[in-house]
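**Q** Every number in our numbering is 30 more than the matching position in the sequence shown, counting from 1. All residues carry an ideal CB built from backbone N, CA and C; glycine is no exception. As the structure is a computational prediction, the values presented were derived from the model and not from experiment. Would you mind keeping the following structure in view while I ask a few things?
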Amino acid sequence: MAAGRVRLPTPRSGTVTIVSAPSRDAIISAFAARHGEPPAAIFRAPGRVNLIGEHTDYSHLPVLPIAIERGLTVAAAPAPGGVVEAASSAFAGEPVIDRANPAATPAIPWSRYLTGALRELANVAPGRGARLLIDGDLPAGGGLSSSSALTVGVIAALAAAWDVPLPPGEIVRRAVVSERHAGVESGGMDQEVIVFAEDGAALRIDFDPPGHRAVPLPAGLAFVAASSGEDAPKAGAARDAYNERVVGARIATAMLADEIGLEVEHPLVLRQVAGVDVIDVLVDGLPERISAAEAAHGIDLDVEQLVRLTAGRFDHQLKVPVRRVARHILGEAERVGRAEAALLAGDLPAFGRLLNESHNSLREDFRCSTAALDRLCAAMRKSGASGARLTGAGFGGYALAAAPPASVAAIIEAAVAATGGPAFEVHASAGLERL
Ligand code: GLA
Numbered sequence: 031m032a033a034g035r036v037r038l039p040t041p042r043s044g045t046v047t048i049v050s051a052p053s054r055d056a057i058i059s060a061f062a063a064r065h066g067e068p069p070a071a072i073f074r075a076p077g078r079v080n081l082i083g084e085h086t087d088y089s090h091l092p093v094l095p096i097a098i099e100r101g102l103t104v105a106a107a108p109a110p111g112g113v114v115e116a117a118s119s120a121f122a123g124e125p126v127i128d129r130a131n132p133a134a135t136p137a138i139p140w141s142r143y144l145t146g147a148l149r150e151l152a153n154v155a156p157g158r159g160a161r162l163l164i165d166g167d168l169p170a171g172g173g174l175s176s177s178s179a180l181t182v183g184v185i186a187a188l189a190a191a192w193d194v195p196l197p198p199g200e201i202v203r204r205a206v207v208s209e210r211h212a213g214v215e216s217g218g219m220d221q222e223v224i225v226f227a228e229d230g231a232a233l234r235i236d237f238d239p240p241g242h243r244a245v246p247l248p249a250g251l252a253f254v255a256a257s258s259g260e261d262a263p264k265a266g267a268a269r270d271a272y273n274e275r276v277v278g279a280r281i282a283t284a285m286l287a288d289e290i291g292l293e294v295e296h297p298l299v300l301r302q303v304a305g306v307d308v309i310d311v312l313v314d315g316l317p318e319r320i321s322a323a324e325a326a327h328g329i330d331l332d333v334e335q336l337v338r339l340t341a342g343r344f345d346h347q348l349k350v351p352v353r354r355v356a357r358h359i360l361g362e363a364e365r366v367g368r369a370e371a372a373l374l375a376g377d378l379p380a381f382g383r384l385l386n387e388s389h390n391s392l393r394e395d396f397r398c399s400t401a402a403l404d405r406l407c408a409a410m411r412k413s414g415a416s417g418a419r420l421t422g423a424g425f426g427g428y429a430l431a432a433a434p435p436a437s438v439a440a441i442i443e444a445a446v447a448a449t450g451g452p453a454f455e456v457h458a459s460a461g462l463e464r465l
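Listed below in structure tokens is the structure:
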């Protein structure tokens with residue numbers, strides 16, 4: 031570690047609750063020690079925990095996440111030449127990216143988020159370089175959205191350092207596309223909550239029409255985030271499994287629309303058919319698995335509309351899950367509305383039951399849980415959680431428990447015993463901040 035770099039403790043034990051963020055002064059001195067000058071802009075981008083509404087965002091159906099007190103700070107200063115140099119205590123390796131040719135960056139895993147961000151900043155201060163220093167207390171690679179905190183923080187800090195500060199909605203829009211360049215055809219939940227979250231509230235996000243509102247959290251409700259001990263990288267098999275489900279949801283939309291004689295609009299998202307009468311019955315009639323090629327042929331649709339990805343190619347012939355994916359997504363969207371109502375009514379048992387139902391649906395239908403996540407959720411429920419579910423994309427990563435504050439310590443202990451941790455309490459926190 032370079033002298034003067036801020037390094038925050040990474041939680042390992044089960045008893046850690048809050049790790050304080052580095053002060054602005056500490057960040058400025060760390061930056062100056064490394065780069066010989068103070069930063070021009072510093073942003074703090076929080077991580078997030080999704081309360082409910084999992085795998086609904088890319089179908090333009092609602093989500094209900096919180097931002098948490100753990101996050102990343104991104105400090106930036108302009109530099110001569112068109113090169114962006116980055117260093118971090120949160121991520122290994124020090125990418126150096128030529129803005130004229132970002133794709134040529136050597137393969138340091140987190141550099142793909144920087145190159146994605148720089149592609150989306152191509153029209154902001156073209157040709158200018160920068161130095162970045164990134165620190166934080168957000169565990170990477172585990173489903174607390176460290177990749178989105180990174181891209182949001184980098185976009186905000188670079189634009190401000192180059193004297194072209196971007197409005198919040200524009201930061202979200204560019205950050206969403208940046209991340210898709212890294213290979214996962216994700217929705218917009220993470221970036222939206224990271225930018226717009228409010229202290230003490232969850233954020234109900236809608237995508238069509240787009241909007242969000244703060245949902246104040248009732249007293250007597252605490253949250254624990256607990257690791258399954260398995261990484262949930264947005265690369266390799268987990269990326270492919272995610273994209274298969276995105277394509278599955280598009281196929282379901284096209285086939286359902288065809289069935290009911292609804293003209294499909296683009297993008298193909300389940301939101302278009304979500305309100306249709308007897309949709310559940312129609313979903314049960316969808317094929318278990320089908321390839322995009324077969325589906326497109328059957329309904330006379332251009333297959334590209336089903337398989338198009340921002341980065342990479344999707345195999346037209348690959349059979350992807352359709353019926354269960356649609357069943358999960360449509361059911362989950364309804365649970366979001368019920369969960370919001372339960373929070374507003376202060377009905378913790380009802381809220382907890384919805385989290386459990388969400389996890390069951392993710393395990394049985396969407397099939398993105400793992401044995402470790404199931405074990406973890408069961409252990410947290412047994413030790414006093416009102417409800418527990420995997421949070422984020424799944425395939426490893428983190429689970430969330432909702433509980434009365436008095437049960438938090440026992441839940442953390444049970445989670446650590448089940449998987450080795452880390453597990454810690456999280457609090458609904460404010461979104462992106464300029465320090
Ligand atoms: C990842 C994606 C989000 C969302 C979740 C699943 O976190 O980045 O857009 O799809 O998975 O709900």
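#1: Give me the Cβ distance between R158 and W192, rounded to the nearest whole Å; I'm assuming they're in contact under 8 Å.
#2: Do you know whose CA, among A152, R269, V93, T340, lies nearest A130's CA?
#3: Any idea which residues DSSP pairs V350 with across the strands?
#4: Pick helix, strand or coil for E455, following the three-state DSSP scheme.
#5: Taking the alpha-carbon of A279 as reference, which of D220, D345, A356 has the nearest alpha-carbon?
#6: Does the ligand GLA have even one heavy atom less than 6 Å from the beta-carbon of M410?
#7: Tell whether a beta-carbon distance below 7 Å holds between S437 and L420.
#8: When every heavy atom of the ligand GLA is checked, does at least one fall within less than 6 Å of the C-beta of E222?
#9: For V480 versus A189, is the C-beta spacing smaller than 7 Å?
#10: For a test of your reading of the model: does the CB of D87 fall under 6 Å from any non-hydrogen atom of the ligand GLA? Yes or no.
#11: According to the neighbour-count rule (16 or more other Cβ atoms, all chains shown, within 10 Å of its Cβ), is G221 buried or exposed?
#12: Please identify the residue among I201, V299, P108, S413 whose C-alpha is closest to the C-alpha of R461.
#13: Can you name the start and end residues of the beta strand (DSSP E) that I235 belongs to?
#14: Report yes if the C-beta of A282 is less than 6 Å from at least one heavy atom of the ligand GLA; otherwise report no.
#15: Beta carbon of E84: closer than 6 Å to some heavy atom of the ligand GLA?
#16: For the ligand GLA, any of its heavy atoms closer than 6 Å to the Cβ of S216?
#17: Please name the residue, chosen from H242, L163, Y88, that lies closest to P297 on a Cα-to-Cα basis.
#18: Please work out which residues of its chain come closer than 6 Å, Cβ to Cβ, to A341, disregarding the five sequence neighbours upstream and downstream, and give them in chain order.
#19: Within 10 Å of its beta-carbon, does Q347 have 16 or more other beta-carbons around it, so buried, or fewer, so exposed?
#20: Is DSSP giving T47 helix, strand or coil here?
#21: Please determine, among V366, R338, I224, the residue with the shortest C-alpha to C-alpha distance to S177.
#22: Helix, strand or coil for A226, going by three-state DSSP, please let me know.
#23: Going by beta carbon distance, what residues of the same chain come within less than 7 Å of V306, once the five residues before and after it are set aside?
#24: Would you report the Cα separation of T86 and P125, rounded to the nearest angstrom?
#25: Give the C-beta separation of F344 and N273 to the nearest angstrom, bearing in mind that I take them to be a contact with Cβ-Cβ under 8 Å.
#26: Cutting at 6 Å between CB atoms, please list the residues of its own chain near E115, excluding the five before and the five after it.
#27: Whole angstroms is fine: what's the gap from A133's alpha carbon to F381's?
#28: Is the beta carbon of M285 within less than 6 Å of some heavy atom of the ligand GLA?
#29: By DSSP, does G173 sit in helix, in strand, or in coil?
#30: At a threshold of 6 Å, does A423 count as lining the ligand GLA (C-beta to nearest heavy atom)?
**A** The structure says:
#1: 5 Å
#2: A152
#3: The partner list for V350 (beta bridge, DSSP) reads I320.
#4: strand
#5: A356
#6: no
#7: no
#8: No.
#9: Absent from the structure is residue 480, since the part of the chain shown begins at 31 and ends at 465.
#10: yes
#11: Position check: residue 221 holds Gln in this sequence, whereas Gly was assumed. Its Cβ being crowded by 16 or more others within 10 Å, Q221 is buried.
#12: Note that residue 461 is Gly in the sequence shown here, rather than Arg. For G461, the nearest C-alpha among the options comes from I201.
#13: Unbroken beta strand (DSSP E) run through I235: 231-237.
#14: no
#15: yes
#16: yes
#17: It is Y88.
#18: H211, G213
#19: exposed
#20: In this prediction, T47 scores a pLDDT of 32, lower than 50, which makes its location untrustworthy; the coordinate-derived value is nonetheless stated afterwards. Three-state result, T47: coil.
#21: The shortest C-alpha separation from S177 is found at I224.
#22: Looking at the sequence shown, residue 226 is not Ala but Phe. Correct three-state label for F226: helix.
#23: I290
#24: 33 Å
#25: Contact check for F344 and N273: beta-carbon distance about 6 Å, within the 8 Å limit, so the pair qualifies.
#26: These residues qualify, in order along the chain: V126, R161.
#27: 45 Å
#28: no
#29: coil
#30: yes
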